[in-house]
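Chains as they are written, first to last, in this note's numbering: chain A, 1 to 357; chain B, 1 to 118. For reference, the structure discussed in these notes is given below.
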Amino acid sequence: MTEAAAPDVFDQARALFDRAIQRNFKGLGYFASPAPVLGASPKDLLIQRGTMNLYHYRPMTDDVYRVPLLLVMATTNRGYIFDMVPGQSLVEYLLRAGYDVFMLDWTAPRADEKTLTLADYVTDFLPTAIERVQAETGEQDFSLVGYCFGGVLSLLWAALHPDAPMKNLVCFTTPVDFSQMEMFQSWSDKRFFDVDRLVDTFGNCPADYLYSAFDMLKPGAKIAGNIRLLDNLWNDEFVKSFRMFDRWATDTLPLAGEYFRETTKRLMWDNALHSGTMDVAGRPVDLATITAPFLHVTAEHDHIVPSAASAPLIEMIGSTDKEQVTMKGGHVSLVAGGNAIKRLWPKLIDWLGDRST
Amino acid sequence: MANPTPDPGAFLRDMLGQWETMANQVGGQMMKSGEFARAIQGANAATMQAQTATHQIMDRALAAANMPSRSEVEDLSARLRGIEESVVRIEALLMAQAGITKPERPKPSRTRKPPVKG
């Protein structure tokens, strides 16, 4: 039996030849075809105000959980990471599971929005979105789900509003101890990095600058990724996935100048959130005032927010119902792609389900 | 059980994986160093200096040609945004006064319970 199944040199050669042919044909198709359509789940734009967009996704079930869910995206990237393509969309997954889903997403701040500060995001954009979610659903309670810096914004807002009817707070890979983000610390080293000059020169922090910073966290990844793409051009699924993630990763947003200046100085340099000296518009932030049920999910191989930067969060939160979970994967594969479908998404709806009625 | 067909490219793929890991580690260590930070921020400072100089030259050239500078266009953009927001508010008020409302989508009931855990 083993003999019959032994690989035949001719079969191997034929398989290699077939792949080589497909690589050539599909390679041509790759460059000729448009990028995949991402973030296409049916939705209504409820608020569009400069850099701020609030979306309401159309429910997919006749009966939804009482408590609506507001996703808060990181300000450096586009929210369609939560809504890639049908079958690979967290939004679609939540809608099918019976959640009423909203998303606070961002577009590139305009030149005249360079004066936006952290306070604008925390005490204006976020509460405006929450009020609209409440008005739209007729429910006072809501769940907040923040990703990366969207988690930081959610934490800051929640700490300033301990009496708000926030039913649940979920953070994905959210940093609190910025001194542990070694690479970013090195680049923003105040001995060499003049953030004032950068903001005063460019107005907003350019997207290219941020993209380069993210890209250099893994210096070999881009070259290796392109070689893998070439090797797998025959594989439609691989190419589709590569294009989705590559498009999202390169679609980095600029940051409003004053907001970038403030986050660099207060969080990267002073590490104010971890040291307990953080304030927003003069109001002190104490994460211990957050008492709503809390879930924090981190990624084992997160190269952007290492565990050391995110792990202290769970201890700083005042909730008695709180859980920290570390899952396999990286900063992006935690929330999107095959890994997320198997791990994070089921965990999220399992945790939220009992707490959303 | 049949042996899987050996892939002649597997060795190269494995090598690529190892190279990537090594490049990320070595490159990462290098980039964490103070020297690298100094070099990269030096390059950034030079870019910003060039940008500032270009802005100044362009501002003078635009002023000489009696045209608005970038900062003046930004001010106009900010004012336009204010006007846009006012128009949206006025439109909403007028529609409300005229009794025109968007057709409501049917809203789902909000009584869903989590599945019973077995």
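Just so you know, even glycine gets a beta-carbon here, dropped at the ideal spot from N, CA and C. Values in this document were obtained by computation on a predicted structure and should not be read as measured data.
First through last residue of the beta strand (DSSP E) which encompasses residue i
| i | result |
| --- | --- |
| L45(A) | 43-49 |
| D105(A) | 101-106 |
| K167(A) | 166-172 |
| T123(A) | Neither: T123(A) is in no beta strand (DSSP E) and is coded neither H nor E. |
Residues bridged to residue i [DSSP beta-bridge criterion]
| i | result |
| --- | --- |
| C205(A) | L255(A) |
| G369(A) | Outside the shown range of chain A, which is 1 to 357, sits residue 369(A), and nothing can be said about it. |
| S109(B) | D63(A) |
| K322(A) | F294(A) |
| A299(A) | M327(A) |
| R283(A) | V280(A) |
Residue i classed as buried or exposed, judged by whether at least 16 other C-beta atoms fall within 10 angstroms
| i | result |
| --- | --- |
| T277(A) | exposed |
| M1(B) | Low per-residue confidence applies at M1(B): pLDDT is 46, beneath 50, and the placement is therefore not dependable, though the value from the model is reported in the following sentence. Answer is exposed; the Cβ neighbour count stays below 16. |
| L94(B) | exposed |
| A46(B) | exposed |
| K190(A) | exposed |
| G99(B) | exposed |
| L16(A) | exposed |
| A301(A) | It is worth fixing the name first, because residue 301(A) is His in this sequence and not Ala. Counting Cβ neighbours within 10 Å, H301(A) comes out exposed, since fewer than 16 surround it. |
| P284(A) | exposed |
| V67(A) | buried |
| D208(A) | exposed |
| E72(B) | exposed |
| L80(B) | exposed |
| L253(A) | buried |
| E104(B) | exposed |
| P175(A) | buried |
| S109(B) | exposed |
| A20(A) | exposed |
| Q48(A) | exposed |
| G282(A) | exposed |
| F142(A) | buried |
| M388(A) | The structure shown does not extend to residue 388(A), since chain A is modelled only from 1 through 357, so no value can be given for it. |
| F192(A) | buried |
| E91(B) | exposed |
| I349(A) | buried |
| M1(A) | Because M1(A) sits at a pLDDT of 43, beneath the cut-off of 50, its placement in the model cannot be relied upon, and the following sentence gives the value as read from the coordinates. Its Cβ having fewer than 16 others within 10 Å, M1(A) is exposed. |
| V88(B) | exposed |
Check: residue i C-beta below 7 Å from any heavy atom of the ligand ATP
| i | result |
| --- | --- |
| D350(A) | For the structure depicted, the ligand ATP is absent and the ligand set is empty, with no information on it obtainable. |
First through last residue of the alpha helix (DSSP H) which encompasses residue i
| i | result |
| --- | --- |
| L156(A) | 149-160 |
| E182(A) | 182-187 |
| Y57(A) | That residue, Y57(A), is in no alpha helix (DSSP H); its beta strand (DSSP E) goes 52-57. |
| F11(B) | 10-32 |
| V239(A) | 236-250 |
| W351(A) | 344-353 |
| E85(B) | 70-97 |
| N77(A) | From DSSP, N77(A) is part of no alpha helix (DSSP H); its letter is neither H nor E. |
| L230(A) | 221-231 |
| A288(A) | Premise fails: A288(A) is in no alpha helix (DSSP H) and is neither H nor E. |
| S275(A) | 272-275 |
| S356(A) | Taken as a continuous stretch (DSSP letters only), S356(A) belongs to no alpha helix (DSSP H), as it is neither H nor E. |
| E139(A) | Counting along the chain, E139(A) falls outside any alpha helix (DSSP H), and DSSP gives it neither H nor E. |
| A309(A) | 307-310 |
| R96(A) | 90-96 |
| I314(A) | 313-316 |
Short CB-CB distance (under 8 Å) between residue i and chain C
| i | result |
| --- | --- |
| N66(B) | In the structure shown, chain C cannot be found, because the protein chains are A and B. |
Inset, instruction - Report yes or no: do three or more beta-carbon pairs, one from the segment 43-57 of chain A and one from the segment 88-108 of chain A, lie closer than 8 Å? - result: yes
Inset, instruction - Please name the residues in the segment 215-231 of chain A whose beta-carbon is closer than 8 Å to at least one beta-carbon of chain B, in chain order. - result: M216, L217, K218, P219, G220, A221, I223, A224, I227, R228, D231
Legend entry - Cβ-based contacts, 9 Å cut-off: residues of the segment 185-202 of chain A near chain B: Q185, S186, W187, S188, D189, R191, F192, F193, D194, R197, L198, D200, T201, F202
Legend entry - At least three beta-carbon pairs within less than 8 Å, the segment 225-239 of chain A to the segment 279-294 of chain A: no
Legend entry - Touch test, the segment 73-88 of chain A against the segment 123-133 of chain A, Cβ-Cβ under 8 Å, three pairs minimum: no
Inset, instruction - Could you run through the segment 59-73 of chain A and flag, in chain order, every residue whose CB is less than 8 Å away from some CB of chain B? - result: P59, T61, D62, D63, V64, Y65, R66
Inset, instruction - Using a Cβ-Cβ cut-off of less than 9 Å, give me the residues of the segment 270-282 of chain A that come near chain B, in sequence order. - result: none
Inset, instruction - Please name the residues in the segment 78-104 of chain B whose beta-carbon is closer than 8 Å to at least one beta-carbon of chain A, in chain order. - result: A78, R81, E85
Legend entry - Selection of the segment 121-132 of chain A by Cβ proximity to chain B, strictly under 8 Å: none
Inset, instruction - Residues of the segment 48-62 of chain B with a CB closer than 7 Å to any CB of chain A: list them in chain order, please. - result: M48, Q51, T52
Inset, instruction - Please determine if the segment 214-226 of chain A and the segment 18-29 of chain B are in contact, where contact requires at least 3 C-beta pairs separated by less than 8 Å. - result: yes
Legend entry - contact_flag[the segment 45-59 of chain B, the segment 263-272 of chain A] where n(CB pairs < 8 Å) is 3 or more: no
Inset, instruction - Inspect the CB distances between the segment 320-328 of chain A and the segment 170-187 of chain A and report whether three or more fall short of 8 Å. - result: no
Legend entry - Contact residues within the segment 32-52 of chain A, judged by C-beta distance below 7 Å to chain B: G50
Legend entry - Segment contact, 8 Å Cβ cut-off, at least three pairs: the segment 179-188 of chain A with the segment 303-312 of chain A: yes
Inset, instruction - Report yes or no: do the segment 107-116 of chain A and the segment 138-156 of chain A share at least 3 C-beta pairs separated by less than 8 Å? - result: no
Legend entry - chain B contacts from the segment 106-117 of chain A (Cβ-Cβ distance under 7 Å): R110, A111, D112
Inset, instruction - Return the residues of the segment 243-267 of chain A that lie within a Cβ-Cβ distance of less than 8 Å from chain B, sorted by chain order. - result: none
Legend entry - Proximal residues, the segment 36-47 of chain B versus chain A, C-beta separation under 8 Å: F36, A37, R38, I40, Q41, G42, N44, A45
Legend entry - Residues from the segment 311-336 of chain A in contact with chain B, defined by Cβ distance under 8 Å: none
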